[in-house]
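Residue numbers (the working numbering): 14 to 125.
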């Protein structure tokens, strides 16, 4: 997952990418959602996550994110990429809510 995502981001000159996952647990009875936040070395992922979790818009679209994996770092020839993976324990918010929320937070982050 990480290698192919980083290759895609580098090929498309993408500095920030959010990926939503939805899947069932091993027994196939419980739906799970995860959110991966990926950024190149121009993005301070810890600061971005802090901005996300403290934002007003996040308080309306509560995802109840729980960190699954700390920053995964992948170095390419030209850049370093960081990935943080979260469980989304509140399954109610949809991509139609999460996408615009992330856009607002990203724009806020860029102004810091």
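Heads up, the beta-carbon is just placed ideally off N, CA and C, and yes, glycines get one too. These numbers come from a predicted model, not from an experiment.
On a Cα-Cα basis, can you pick out the residue from the options that is closest to residue i?
| i | options | result |
| --- | --- | --- |
| residue 111 | 75, 93, 36 and 94 | 75 |
| residue 36 | 24, 124, 104 and 67 | 104 |
| residue 72 | 118, 89 and 57 | 118 |
| residue 15 | 106, 98, 125 and 124 | 98 |
| residue 22 | 55, 120 and 41 | 55 |
| residue 106 | 125, 41 and 70 | 70 |
Starting from residue i, follow the beta strand (DSSP E) in both directions and report where the run begins and ends.
| i | result |
| --- | --- |
| residue 98 | 93-101 |
| residue 45 | 44-53 |
| residue 14 | Neither: residue 14 is in no beta strand (DSSP E) and is coded neither H nor E. |
| residue 30 | 29-37 |
With a CB to CB cut of under 6 Å and the five nearest residues on each side skipped, what residues in its chain are close to residue i?
| i | result |
| --- | --- |
| residue 53 | 28, 92 and 94 |
| residue 122 | 61 and 64 |
Tell me which residues share the same chain as residue i and place their Cβ nearer than 8 Å to its Cβ, disregarding the 5 neighbours each side in the sequence.
| i | result |
| --- | --- |
| residue 115 | 31 and 65 |
Between residue i and residue j, is the Cβ-Cβ spacing less than 7 Å?
| i | j | result |
| --- | --- | --- |
| residue 20 | residue 34 | no |
| residue 7 | residue 77 | Beyond the ends of the chain as shown, which are 14 and 125, falls residue 7; an answer cannot be given. |
| residue 51 | residue 18 | yes |
| residue 96 | residue 24 | no |
| residue 79 | residue 63 | no |
By Cβ distance, which residues of its chain are closer than 7 Å to residue i, with the 5 residues on each side in sequence left out?
| i | result |
| --- | --- |
| residue 38 | 45 |
| residue 120 | none |
| residue 58 | 50, 52, 84, 95 and 97 |
Need the endpoints of the alpha helix (DSSP H) that residue i sits in, please.
| i | result |
| --- | --- |
| residue 111 | 108-124 |
| residue 65 | 58-67 |
For chain C, is any of its Cβ atoms less than 7 Å away from the one on residue i?
| i | result |
| --- | --- |
| residue 106 | Chain labels in this structure do not include chain C; a single protein chain is all it has. |
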